[in-house]
Amino acid sequence: MFKNYLKTTFRNLWKNKTFSLINIAGLSIGMAACLLILQYASFQLSFDRFNKHAADIYRVTNDRFQNGKLIQHGTIMYSAIGKALQDDYPEVINHMRAQPWGKTILQYKDKKIGDQQVIAVDNSFLSMFSYPMLAGDAKTALEQPYSAVLTTDAAQRLYGTGNGDWSSFIGKTFLRGTDSMPLKVTGIIDLPENSHLQFDCFASYSTMLAGKYPYKEADYDFKHSDFWHYIQLRPGTDYKALEAKLPAFSDRHFQGTKVSGSVEKFYLQPLLRAHLYSDYEYDIGKTASATVVWGLLAIAVLIVVIAWVNYINLATAKSLERAKEVGVRKVSGATRGQLVRQFLTESLVLNLAALVIALILVLLAQRGLNALVQHKLSLAYLFQKGWNGYGISVALIVVILAGIIASGFYPAFVLSSFKPIDVLKGRFTGTGRGAWLRKSLVTGQFAITVVLIIGSFIVYRQIKYVNEQDLGMNISQMLIIKPPQLTHWDSSFISQENSFAAEVEKLGHVKGVATSNRVAGEELGRSFNIRRIEAPETEHYTTRFMGVSKEYLDLYDIKLLAGRGFVATDYNPKWERLHNIIINASAARLLGFATPAAAVGRTILSGTKPWDIVGVIADVHQKSLRYAIEPTLYQPVYGTYNPISVKVDTRNLGTTMADIRQKYETFFPGNLFDYYFIDERFNSLYANDLLFGRVFGLFSGLAILIACLGLFGLSLFATLQRTKEIGVRKVLGASLSSIVVLLSKDFVRLVLLANLLGFPLAWWIMNNWLKDFAYRISISWWVFAGAGLLALLIALITVSVHAFRAAVANPAKSLRTE
Amino acid sequence: MIELKRISKWVMVGNKPNFILKDINLGIKEGEFVSIMGPSGSGKSSLLNIIGMLDDASEGEYFFLNQAVHGLKEKHRSQLYKQYIGFVFQAYHLIDELTVYENIETPLIYQNIKSSERQAMVADILDRFQIVGKKDLFPTQLSGGQQQLVGIARALIAKPKLLLADEPTGNLNSRQGEEIMDLFKELNKEGVTIIQVTHSEKNAGYGTRIINLLDGRVEL
Numbered sequence: 001m002f003k004n005y006l007k008t009t010f011r012n013l014w015k016n017k018t019f020s021l022i023n024i025a026g027l028s029i030g031m032a033a034c035l036l037i038l039q040y041a042s043f044q045l046s047f048d049r050f051n052k053h054a055a056d057i058y059r060v061t062n063d064r065f066q067n068g069k070l071i072q073h074g075t076i077m078y079s080a081i082g083k084a085l086q087d088d089y090p091e092v093i094n095h096m097r098a099q100p101w102g103k104t105i106l107q108y109k110d111k112k113i114g115d116q117q118v119i120a121v122d123n124s125f126l127s128m129f130s131y132p133m134l135a136g137d138a139k140t141a142l143e144q145p146y147s148a149v150l151t152t153d154a155a156q157r158l159y160g161t162g163n164g165d166w167s168s169f170i171g172k173t174f175l176r177g178t179d180s181m182p183l184k185v186t187g188i189i190d191l192p193e194n195s196h197l198q199f200d201c202f203a204s205y206s207t208m209l210a211g212k213y214p215y216k217e218a219d220y221d222f223k224h225s226d227f228w229h230y231i232q233l234r235p236g237t238d239y240k241a242l243e244a245k246l247p248a249f250s251d252r253h254f255q256g257t258k259v260s261g262s263v264e265k266f267y268l269q270p271l272l273r274a275h276l277y278s279d280y281e282y283d284i285g286k287t288a289s290a291t292v293v294w295g296l297l298a299i300a301v302l303i304v305v306i307a308w309v310n311y312i313n314l315a316t317a318k319s320l321e322r323a324k325e326v327g328v329r330k331v332s333g334a335t336r337g338q339l340v341r342q343f344l345t346e347s348l349v350l351n352l353a354a355l356v357i358a359l360i361l362v363l364l365a366q367r368g369l370n371a372l373v374q375h376k377l378s379l380a381y382l383f384q385k386g387w388n389g390y391g392i393s394v395a396l397i398v399v400i401l402a403g404i405i406a407s408g409f410y411p412a413f414v415l416s417s418f419k420p421i422d423v424l425k426g427r428f429t430g431t432g433r434g435a436w437l438r439k440s441l442v443t444g445q446f447a448i449t450v451v452l453i454i455g456s457f458i459v460y461r462q463i464k465y466v467n468e469q470d471l472g473m474n475i476s477q478m479l480i481i482k483p484p485q486l487t488h489w490d491s492s493f494i495s496q497e498n499s500f501a502a503e504v505e506k507l508g509h510v511k512g513v514a515t516s517n518r519v520a521g522e523e524l525g526r527s528f529n530i531r532r533i534e535a536p537e538t539e540h541y542t543t544r545f546m547g548v549s550k551e552y553l554d555l556y557d558i559k560l561l562a563g564r565g566f567v568a569t570d571y572n573p574k575w576e577r578l579h580n581i582i583i584n585a586s587a588a589r590l591l592g593f594a595t596p597a598a599a600v601g602r603t604i605l606s607g608t609k610p611w612d613i614v615g616v617i618a619d620v621h622q623k624s625l626r627y628a629i630e631p632t633l634y635q636p637v638y639g640t641y642n643p644i645s646v647k648v649d650t651r652n653l654g655t656t657m658a659d660i661r662q663k664y665e666t667f668f669p670g671n672l673f674d675y676y677f678i679d680e681r682f683n684s685l686y687a688n689d690l691l692f693g694r695v696f697g698l699f700s701g702l703a704i705l706i707a708c709l710g711l712f713g714l715s716l717f718a719t720l721q722r723t724k725e726i727g728v729r730k731v732l733g734a735s736l737s738s739i740v741v742l743l744s745k746d747f748v749r750l751v752l753l754a755n756l757l758g759f760p761l762a763w764w765i766m767n768n769w770l771k772d773f774a775y776r777i778s779i780s781w782w783v784f785a786g787a788g789l790l791a792l793l794i795a796l797i798t799v800s801v802h803a804f805r806a807a808v809a810n811p812a813k814s815l816r817t818e
Numbered sequence: 001m002i003e004l005k006r007i008s009k010w011v012m013v014g015n016k017p018n019f020i021l022k023d024i025n026l027g028i029k030e031g032e033f034v035s036i037m038g039p040s041g042s043g044k045s046s047l048l049n050i051i052g053m054l055d056d057a058s059e060g061e062y063f064f065l066n067q068a069v070h071g072l073k074e075k076h077r078s079q080l081y082k083q084y085i086g087f088v089f090q091a092y093h094l095i096d097e098l099t100v101y102e103n104i105e106t107p108l109i110y111q112n113i114k115s116s117e118r119q120a121m122v123a124d125i126l127d128r129f130q131i132v133g134k135k136d137l138f139p140t141q142l143s144g145g146q147q148q149l150v151g152i153a154r155a156l157i158a159k160p161k162l163l164l165a166d167e168p169t170g171n172l173n174s175r176q177g178e179e180i181m182d183l184f185k186e187l188n189k190e191g192v193t194i195i196q197v198t199h200s201e202k203n204a205g206y207g208t209r210i211i212n213l214l215d216g217r218v219e220l
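Protein chains in written order, with this note's numbering: chain D, 1 to 818; chain B, 1 to 220.
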């Protein structure tokens with residue numbers, strides 16, 4: 001029986017080559033697109049799930065308010081929080097403190113490796129999380145000061161591949177960064193790619209508390225906000241219940257604004273939400289946007305659904321041709337169930353064929369996708385544990401089966417419901433039935449298509465907008481040289497750096513040199529206790545702050561609004577001697593100065609230290625346009641950790657770089673010379689948006705293609721069905737154009753309706769997406785009009801191919817065959 | 001074998017019933033070769049379809065082998081149909097995607113007969129109709145007469161007691177038509193009850209009895 005089904009299936013597919021091709025092409029493209037997106041989504045959704053206690057681990061987050069306004073929404077807070085929570089609440093069974101030490105150089109003998117992310121963590125880190133430990137004892141590895149756990153990658157870069165035995169690295173020492181702090185390797189972990197914490201070196205937290213000058217604030221303190229906390233709850237604890245007790249916790253330890261100067265609110269964020277659902281400032285985790293992931297997943301599902309809808313449409317449209325066969329089979333004694341099974345077999349075969357082709361397409365496209373998303377994705381990702389602990393593969397199989405059944409069942413039921421006597425006697429027309437469904441499906445498909453077109457368009461325009469937006473400074477041709485962090489800070493460093501700058505400026509093709517403790521695109525630190533000197537002590541304002549050399553403002557073309565820029569005499573190696581400061585326009589407004597000029601010459605307090613305002617500059621976008629500009633103070637500060645900005649003429653870059661390198665190595669011997677162009681780095685802030693835009697655009701294109709395939713098949717069928725009518729009309733004198741109009745009219749109407757359905761949906765979705773940007777385009781009506789027209793045009797071209805062919809056909813021929 | 005009592009069939013046109021068959025009383029015994037004749041629209045095919053259980057009467061009683069067909073559920077009726085009735089059409093109605101062999105085999109598949117048994121049965125009938133050489137051809141590769149031969153072979157493969165034929169020679173030339181009618185006569189001799197709808201007096205002459213229909217009534 002099944003053999004017979006297969007036989008008829010293959011012969012049918014072969015006989016209707018065009019339709020089979022359209023069906024299989026549509027389905028396989030749809031499935032391939034879906035599989036590719038699923039890989040990415042399952043990777044993103046798998047973050048931190050490798051942790052055994054994942055469900056019980058929480059990040060503590062902190063919102064900070066001043067004058068009734070939220071001034072910080074972050075994961076950074078005071079060192080005492082973790083321990084205090086564990087002391088106060090029995091449901092907290094473990095806590096871990098962390099403090100990232102930034103990117104630094106690690107040194108082993110002569111070997112130096114740069115850009116290493118180091119973080120100090122409590123010993124509980126290794127027991128709370130489940131990072132696979134390849135060597136060392138998880139229970140004690142981070143107990144002692146000056147011990148460190150390295151990732152396999154860092155260990156290999158530092159010590160070479162060794163003999164393949166990870167335990168051979170244990171006990172080796174290396175030096176960290178500026179202060180050449182010696183650290184001893186006590187463990188090697190294999191850091192999964194899907195961990196939100198991505199660091200190369202995990203140093204013991206106790207290191208900070210040891211030595212001649214222990215960092216006392218790092219231990220148990222409620223005033224210095226430089227620490228991150230993870231806590232582990234007793235299994236089964238309702239974290240919301242604990243969270244509800246945190247206002248009392250805050251009152252107890254912070255007493256309003258008395259302790260820290262701000263109103264502190266604490267929340268708990270489940271570890272499993274850390275990667276996708278974080279919008280925190282000073283996040284030390286690797287984050288991505290859940291909206292994007294779910295958006296892509298939705299696109300993935302929509303694409304396959306569109307392909308299945310095609311299948312349903314074409315299959316029911318073809319039902320007229322299959323009707324006779326159904327009649328004969330019924331007369332031959334076939335029951336309805338047997339016929340349903342036969343048609344289901346057909347859809348199964350078609351879907352399987354499409355799946356095989358889809359898998360081939362995935363393998364072919366994998367490299368391109370990986371380059372696009374910059375991850376090593378593969379089909380294997382579908383088989384790891386996804387959300388809810390089930391493999392995505394299970395979901396996938398369910399979805400595919402459901403799709404096959406859903407897309408197979410409807411045509412099967414329609415076909416098997418025919419009354420044999422009607423179809424065999426030719427009394428059967430079948431156009432009324434299913435036509436409604438077919439029309440709604442086509443409308444739905446095109447509504448989705450219109451949404452995708454509008455979406456791609458808006459994403460594209462927003463990204464273009466943020467890229468073209470004037471940052472308030474000029475970052476083009478700006479080279480950033482990594483800071484000479486291995487040079488020790490002393491009173492001569494400023495003049496040393498100035499001499500270096502003077503030497504470099506002498507080089508041809510160099511237009512200027514400046515240093516700053518952060519460069520454009522990097523997050524600045526915050527001061528929470530700023531006020532005008534004459535203001536009452538209870539007043540607190542928060543600003544960002546940045547240390548810059550005197551050349552910085554000019555080098556970046558930042559506009560001076562009032563007063564002056566920094567001069568050499570503003571600088572001093574001794575912090576206590578510094579007192580001149582420049583603020584931006586936002587800061588002047590925040591502090592209540594009526595105009596920028598009114599601020600010049602006035603004095604403000606940062607904590608207890610007075611600063612005299614010597615200049616006010618225009619606001620610049622320090623971060624991407626997702627974020628609003630904040631009040632910022634510019635201090636006259638140098639440092640060995642400050643990157644060096646060099647504005648160059650990009651001609652002869654090779655020679656210029658060699659010259660700069662030579663100077664760098666003369667002035668800062670022993671440091672690693674490394675550089676990058678800041679505009680590239682700044683633009684990479686939009687990498688995720690760009691990726692989203694590209695993927696969105698790409699898959700929208702695919703969705704449109706598939707929808708067109710379906711429309712192509714459907715219009716072919718509709719035209720075939722009306723061959724006789726067209727013949728008669730032509731004999732009666734209808735013009736070519738009137739026939740094309742006649743045949744295209746119905747489809748045009750559907751596409752117009754689809755536009756009406758798609759517009760509000762697209763508006764709602766894109767409006768939500770744009771809300772993430774502090775600076776954004778407004779959605780203008782012509783985007784909708786354009787997308788609607790585009791969809792209409794695509795549909796018209798698709799449909800009119802057949803209409804035109806039918807219209808020019810010789811009527812004598814079509815009428816004779818009747 | 002067949003007992004029709006006050007069978008009527010109508011369709012509603014507007015609010016008025018439009019009778020296709022009216023008050024048909026008819027008995028057909030096993031072994032008969034009945035020809036139903038009448039002008040176009042007289043209800044011949046409708047009557048045949050009702051007898052063949054492809055259609056329901058609007059009113060009246062139908063007994064087939066003493067079973068009340070009008071009271072049977074769909075499932076039983078199709079069981080009865082499968083077991084006892086074969087259908088032959090004017091337009092042959094072969095499945096274009098299947099070969100001659102497979103077309104003939106189809107009814108057996110739906111009766112869940114084993115593959116080996118099916119092979120034997122199909123081989124027998126191919127042999128008998130002398131179309132063994134054509135078994136791997138597709139319907140479109142055959143002449144009309146040959147197609148109808150396949151159609152009859154398919155109708156007979158499950159060894160029905162009753163063969164219903166709706167103008168079986170309507171699309172054939174006269175020589176092909178004669179061959180088919182000769183075959184019918186032969187089958188009838190072997191004990192198959194045959195009811196055919198025909199326009200042709202000559203074809204009706206092959207049968208043992210003629211029923212004339214006019215405007216949905218049996219003409220006496």
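C-beta atoms are modelled at their ideal positions from N, C-alpha and C, and glycine is treated no differently.
Going along chain B in order, which residues have a C-beta closer than 7 Å to the C-beta of residue i?
| i | result |
| --- | --- |
| residue 18 of chain D | The contacting residues do not exist; residue 18 of chain D stays about 16 Å from chain B at best. |
| residue 324 of chain D | 93 |
| residue 420 of chain D | 54 |
| residue 11 of chain D | 97 |
Indicate the three-state DSSP secondary structure (helix, strand or coil) for residue i in the structure shown.
| i | result |
| --- | --- |
| residue 624 of chain D | coil |
| residue 255 of chain D | coil |
| residue 445 of chain D | helix |
| residue 218 of chain B | strand |
| residue 269 of chain D | strand |
| residue 316 of chain D | helix |
| residue 11 of chain D | helix |
| residue 811 of chain D | helix |
| residue 465 of chain D | helix |
Give me the chain B residues within the contact set of residue i, using Cβ-Cβ distance strictly less than 8 Å, ordered along the chain.
| i | result |
| --- | --- |
| residue 424 of chain D | 89, 91 and 93 |
| residue 798 of chain D | None at all; the shortest Cβ gap to chain B is about 29 Å. |
Using 7 Å as the threshold, is the C-beta distance between residue i and residue j below it?
| i | j | result |
| --- | --- | --- |
| residue 639 of chain D | residue 498 of chain D | no |
At what residues does the alpha helix (DSSP H) containing residue i begin and finish?
| i | result |
| --- | --- |
| residue 366 of chain D | 336-373 |
| residue 222 of chain D | From DSSP, residue 222 of chain D is part of no alpha helix (DSSP H); its letter is neither H nor E. |
| residue 208 of chain D | 206-209 |
| residue 764 of chain D | 736-770 |
| residue 797 of chain D | 781-808 |
| residue 107 of chain B | 100-110 |
Name the chain D residues whose beta carbon is nearer than 7 Å to that of residue i?
| i | result |
| --- | --- |
| residue 106 of chain B | 329 and 332 |
Residue i lies in the beta strand (DSSP E); which residues open and close that run?
| i | result |
| --- | --- |
| residue 66 of chain D | 57-66 |
| residue 103 of chain D | 92-108 |
Taking C-beta pairs closer than 8 Å, name the residues in chain D that residue i reaches, listed in chain order.
| i | result |
| --- | --- |
| residue 49 of chain B | 421 |
Next on the checklist: Under 8 Å, with one C-beta from each stretch per pair, do the stretch 262-281 of chain D and the stretch 73-80 of chain D reach the 3-pair mark?
Outcome noted: yes
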